[in-house]
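Here the structure comes first, spelled out in structure tokens, and everything after it is commentary.
There are 2 protein chains.
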Amino acid sequence: MKKKSTIYDVAKKAGVSPSTVSRVMNAPEIVAENTRQKVASAVKELSYIPNMIAANMPRKRTNYIGLIIPDITNIFFSNLVRGVQDVCEKYGYSVLVVNSDDSQEKEGRYLKLLYSRRVDGVILTVAGYQEEEFPEEELSLLKKMNIVLIDREINGMTAPIVKVNNFGGAYSAVKYLLKMGHKKILHLAGIEGTKTNQERRGGYLSALIESHINWKKELNADFRLDAAYQKIMNYWPQIKNSDELPTAIFAANDLMAIGALKAFTQLKVQVPEEVSIIGFDNIPFSDCTHPPLTTIAQPTYLMGQRAVETLINLISKKRIKKFIELETELIERDSVSRREV
Amino acid sequence: MKKKSTIYDVAKKAGVSPSTVSRVMNAPEIVAENTRQKVASAVKELSYIPNMIAANMPRKRTNYIGLIIPDITNIFFSNLVRGVQDVCEKYGYSVLVVNSDDSQEKEGRYLKLLYSRRVDGVILTVAGYQEEEFPEEELSLLKKMNIVLIDREINGMTAPIVKVNNFGGAYSAVKYLLKMGHKKILHLAGIEGTKTNQERRGGYLSALIESHINWKKELNADFRLDAAYQKIMNYWPQIKNSDELPTAIFAANDLMAIGALKAFTQLKVQVPEEVSIIGFDNIPFSDCTHPPLTTIAQPTYLMGQRAVETLINLISKKRIKKFIELETELIERDSVSRREV
DNA sequence: TGTTATTATGAAATCGATATCAGAAAGCGA
DNA sequence: TCGCTTTCTGATATCGATTTCATAATAACA
Numbered sequence: 006m007k008k009k010s011t012i013y014d015v016a017k018k019a020g021v022s023p024s025t026v027s028r029v030m031n032a033p034e035i036v037a038e039n040t041r042q043k044v045a046s047a048v049k050e051l052s053y054i055p056n057m058i059a060a061n062m063p064r065k066r067t068n069y070i071g072l073i074i075p076d077i078t079n080i081f082f083s084n085l086v087r088g089v090q091d092v093c094e095k096y097g098y099s100v101l102v103v104n105s106d107d108s109q110e111k112e113g114r115y116l117k118l119l120y121s122r123r124v125d126g127v128i129l130t131v132a133g134y135q136e137e138e139f140p141e142e143e144l145s146l147l148k149k150m151n152i153v154l155i156d157r158e159i160n161g162m163t164a165p166i167v168k169v170n171n172f173g174g175a176y177s178a179v180k181y182l183l184k185m186g187h188k189k190i191l192h193l194a195g196i197e198g199t200k201t202n203q204e205r206r207g208g209y210l211s212a213l214i215e216s217h218i219n220w221k222k223e224l225n226a227d228f229r230l231d232a233a234y235q236k237i238m239n240y241w242p243q244i245k246n247s248d249e250l251p252t253a254i255f256a257a258n259d260l261m262a263i264g265a266l267k268a269f270t271q272l273k274v275q276v277p278e279e280v281s282i283i284g285f286d287n288i289p290f291s292d293c294t295h296p297p298l299t300t301i302a303q304p305t306y307l308m309g310q311r312a313v314e315t316l317i318n319l320i321s322k323k324r325i326k327k328f329i330e331l332e333t334e335l336i337e338r339d340s341v342s343r344r345e346v
Numbered sequence: 006m007k008k009k010s011t012i013y014d015v016a017k018k019a020g021v022s023p024s025t026v027s028r029v030m031n032a033p034e035i036v037a038e039n040t041r042q043k044v045a046s047a048v049k050e051l052s053y054i055p056n057m058i059a060a061n062m063p064r065k066r067t068n069y070i071g072l073i074i075p076d077i078t079n080i081f082f083s084n085l086v087r088g089v090q091d092v093c094e095k096y097g098y099s100v101l102v103v104n105s106d107d108s109q110e111k112e113g114r115y116l117k118l119l120y121s122r123r124v125d126g127v128i129l130t131v132a133g134y135q136e137e138e139f140p141e142e143e144l145s146l147l148k149k150m151n152i153v154l155i156d157r158e159i160n161g162m163t164a165p166i167v168k169v170n171n172f173g174g175a176y177s178a179v180k181y182l183l184k185m186g187h188k189k190i191l192h193l194a195g196i197e198g199t200k201t202n203q204e205r206r207g208g209y210l211s212a213l214i215e216s217h218i219n220w221k222k223e224l225n226a227d228f229r230l231d232a233a234y235q236k237i238m239n240y241w242p243q244i245k246n247s248d249e250l251p252t253a254i255f256a257a258n259d260l261m262a263i264g265a266l267k268a269f270t271q272l273k274v275q276v277p278e279e280v281s282i283i284g285f286d287n288i289p290f291s292d293c294t295h296p297p298l299t300t301i302a303q304p305t306y307l308m309g310q311r312a313v314e315t316l317i318n319l320i321s322k323k324r325i326k327k328f329i330e331l332e333t334e335l336i337e338r339d340s341v342s343r344r345e346v
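Protein sequences appear in the order of chains B and V. Residues in the first sequence are numbered consecutively from 6, following our numbering. Residues in the second sequence are numbered consecutively from 6, following our numbering.
See below:
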């Protein structure tokens, strides 16, 4: 591996000062055509590529942003990540993605890492499992950095947030089921600690109350496919043939809806003839299930984009909106059918 | 935002030199218990977190690795990314992930970016669409960096590679179809330029030849779900009722298999009664399709892990295996049925 | 007790860029 | 031609760590 060439090498070869080389690399228009050419050819000859590490120091910015999500293998997040990456790319930022696995401890560790790496800002999906109060150390770190929250709010923090109208989405999902004639609607709920889940649960309950429906039932599956699968496998046989049997399910995300679908296939329960299911998220493949899943679509890619835009404005101290709430959309497919009585 | 404290601040507060603080942070065992304590409490008091940017310069390493994949929203890669991240985390590296969208031009640009950011090494899934010869500039960049290839080989480059036995996997998939009595097997192929696709195609052809089957047919869908869907939607009606009609399909990846499945649902063609389908990859959700997809499993997470381990050994100049080929596994589910002629 | 190792610390150079400031050269109006 | 901008370039300090080398203090040994 041959030695990397530096700005000094280029300067020497071109017969100019390092400052001039720096100018040619960063603001070519302010240097005379003539010198610019000389430098350019020296750059090419040495195949010089500037060392951004060195550049970052005096500049006091890295053009990195950190992205903390629960888990990249959770398909919900990959579109979001891509949205973040694409906008970053456009503005010359790079993204450092880490997985908190919804653990507060990991979240804290990564925040420290990101700080240590001096990222210009962080986009954070707060970890779901909150052991206790927000630790002091983490909170003070958060205050030192440019932060934009995404997807989940966090009590006692006033960072800008980009989220989806979870309440409204859930509300419209349940309203839709009611409109289709369902009166016994089970709720497959997500991680209890998360604001997201609380809001969706709120939408569920509000829609029921508004329609004077007293029947309600919740099963918790932490937003996870296999947990939902297990819960249904356990629960359904118990209530089969009783009047506890729901005619519809509102799942707080598609993953759980798909888990339920899988369980029903195995239990030989027909969807939507025997139970209707509606999900939340509209993840990829939710249109490839059998039957294709009716769901509430979230604009995940857009969320990622908005979050970065906000963050970049925050970094460059422009005016920003503190609260961006995107709307959901009902996607009618085939997992919900009309139920008479 | 209050001023960040530096190693000098800590040194002053603790009444020692910056060198000593540096030692406490990096090799505490070589400094006297007494001074270590003084420094530690100064660190805590100022809540000092070292600036890794500054540290990287004299050290000449960044503890970053770059990861170039075609597209993070392609679900096949998320497990791989996670494998990379988890091992990196263990060894104190951070990962910079970028999407080439299978474009050679983007790949080149990102390589340059990664070089500029002075990552310690790069894990690269070579872009599928190769316009022409590998550009000189990119090649010389590759030679300057520590590179580990993943998934796809590249002609005329001798970097270590971690891949899957594509030939063997495809071969066993087609052998399995033959064993189930199928004699007309269509191949849904991926991006032609990729070695991966060539190998899988090779496995398909070899299995046929070995069984003295002359019937063959290929449709190309670039590894993409929607392309596969379209191809089937166009092709099937044309050949319906002719003896061109295949009884089974070997798709070069699950995405295309799922696209085909979707088309067949729409065309009211029963799977597996009328056509059997076998995929490749075993992506998440391939067990949630209808019917659950029989497929060839790739150990993607493991591939990511192996790639990083190799890269880290390469970086630290340890001995490495130049060629790591992982085995596939046939996952029998319900999309293939026996066919008695 | 004098000599040599060992351990613990500090001083100063260094990594490779940027940024500030100053000065030379060129352009321009009177 | 003189003075004043404007344009272009270079010298030098700086960012915040690490690293090398030197030295003081202490321990070990003959």
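Just so it is clear, CB atoms sit at the ideal spot from N, CA and C, and this is done for glycine as well. Predicted model only: the values in this text are computed from it and were never measured.
| query | Could you check where the alpha helix (DSSP H) with B:SER349 kicks off and where it finishes? | reply | Any answer about residue 349 of chain B is impossible in this case: the structure gives chain B only from 6 up to 346.
| task | For V:TYR120, go through chain B and note every residue whose CB falls closer than 8 Å to its CB, in chain order. | result | ILE54
| said: Quick check for students: name the residue ranges of the beta strand (DSSP E) that lie wholly in the segment 267–329 of chain B, counting only runs of 3 or more. | reply: Counting only runs of 3 or more, we get 281–286 and 299–302.
| task | On a CA-only basis, which of B:TYR98, B:ALA257 and B:MET150 is nearest B:TYR115? Give me that one, please. | result | Nearest C-alpha to B:TYR115: B:MET150.
| said: Going by DSSP in three states, B:VAL21 sits in which element: helix, strand or coil? | reply: coil
| query | If you draw a straight line from the C-alpha of B:LEU331 to the C-alpha of V:LEU260, how long is it? | reply | 30 Å
| request: At 8 Å on the CB atoms, spell out the chain B contacts of V:ALA123, in chain order. | output: Note that residue 123 of chain V is Arg in the sequence shown here, rather than Ala. Near V:ARG123 (Cβ distances below 8 Å), the residues of chain B are ASN56, MET57 and ILE58.
| task | Kindly say whether V:PHE228, judged by its beta-carbon, lies nearer than 8 Å to any beta-carbon of chain B. | result | no
| Those residues which DSSP pairs with V:GLU223 across a bridge | For V:GLU223, the beta-bridge partners assigned by DSSP are V:HIS192.
| task | For V:SER291, collect the residues of the same chain with a Cβ closer than 6 Å to its Cβ; drop the 5 residues on either side in sequence, then sort them by chain order. | result | ASP259, LEU298 and THR300
| Exposure label - B:LEU266; buried when at least 16 CB within 10 Å | Counting every other CB atom within 10 Å of its CB across the protein chains shown gives B:LEU266 a total of 16 or more, marking it as buried.
| message | Quick check: what's the CA-CA separation for B:ALA268 versus B:ASP286? | response | Rounded to whole angstroms, the separation of the alpha carbons of B:ASP286 and B:ALA268 is 20 Å.
| message | Can you tell me where the alpha helix (DSSP H) holding B:ILE58 begins and where it ends? | response | 57–64
| request: Would you mind telling me which residues of chain B sit closer than 8 Å to V:ASN347, beta carbon to beta carbon, in chain order? | output: What is shown of chain V runs 6 to 346, which leaves residue 347 of chain V out entirely.
| CB-CB length for V:LEU72 against V:VAL102, believed under 8 Å | 5 Å
| Residues from the segment 26–39 of chain B in contact with chain V, defined by Cβ distance under 9 Å | none
| Considering only C-alpha positions, which residue in the set V:ASN219, V:GLN243, V:HIS192 and V:PRO277 is nearest to V:TYR209? | V:HIS192
| query | Taking 8 Å as the CB-CB limit, is V:GLN275 close to chain B? | reply | no
| task | Measure the CB-CB distance between V:LEU183 and V:SER211 and report whether it falls below 8 Å. | result | No.
| request: For B:PHE82, collect the residues of the same chain with a Cβ closer than 6 Å to its Cβ; drop the 5 residues on either side in sequence, then sort them by chain order. | output: ILE74
| request: Please classify B:ALA175: is it buried, with 16 or more other beta-carbons within 10 angstroms of its beta-carbon, or exposed? | output: buried
| task | Give me the Cβ distance between B:THR130 and B:ILE155, rounded to the nearest whole Å; I'm assuming they're in contact under 8 Å. | result | At roughly 5 Å, the Cβ-Cβ gap stays under 8 Å, so B:THR130 and B:ILE155 are in contact.
| said: Using 8 Å for Cβ pairs, my map puts B:GLU337 next to B:ALA302. What's the rounded Cβ distance? | reply: Under the criterion of beta carbons closer than 8 Å, B:GLU337 and B:ALA302 do not qualify as touching, at roughly 11 Å.
| query | What residue from V:ASN171, V:GLY186 and V:GLU138 has the CA that sits closest to V:ALA256's CA? | reply | V:ASN171
| field | Assigned exposure category for V:GLU204 - 16 Cβ within 10 Å defines buried | value | Its Cβ being crowded by 16 or more others within 10 Å, V:GLU204 is buried.
| message | Measuring alpha carbon to alpha carbon, tell me which residue in B:VAL26, B:ILE12 and B:VAL100 is nearest B:LEU316. | response | B:VAL100
| query | Hey, would you say V:VAL15 sits closer than 8 Å to V:TYR53, going by beta carbons? | reply | yes
| Count the other CB atoms within 10 Å of the CB of V:GLN42; is the residue buried (16 or more) or exposed (fewer)? | Counting Cβ neighbours within 10 Å, V:GLN42 comes out exposed, since fewer than 16 surround it.
| message | Tell me which residues share the same chain as B:TYR240 and place their Cβ nearer than 7 Å to its Cβ, disregarding the 5 neighbours each side in the sequence. | response | LEU224
| field | Segments assigned alpha helix (DSSP H), at least 4 residues, entirely inside the segment 159–205 of chain V | value | 171–184
| Along chain V, which residues have their Cβ under 8 Å away from the Cβ of B:LYS267? | ASP292 and CYS293
| request: Anything in the segment 80–91 of chain V with a Cβ closer than 7 Å to a Cβ of chain B? List those residues in chain order, please. | output: ILE80, SER83, ASN84, VAL86, ARG87 and GLN90
| query | In angstroms, rounded to a whole number, what distance separates the CA positions of B:ASN348 and B:MET308? | reply | The requested residue 348 of chain B is not part of the displayed model; chain B covers only 6 to 346.
| task | Could you work out which residues of chain B lie near V:SER145, taking near to mean beta carbons separated by less than 9 Å? | result | SER52
| Got a sec, what are the start and stop residues for the beta strand (DSSP E) V:TYR96 sits in? | Here V:TYR96 belongs to no beta strand (DSSP E); instead the alpha helix (DSSP H) covers 80–96.
| request: May I have the straight-line CA-CA distance separating B:SER281 from B:PRO289, to the nearest angstrom? | output: 20 Å
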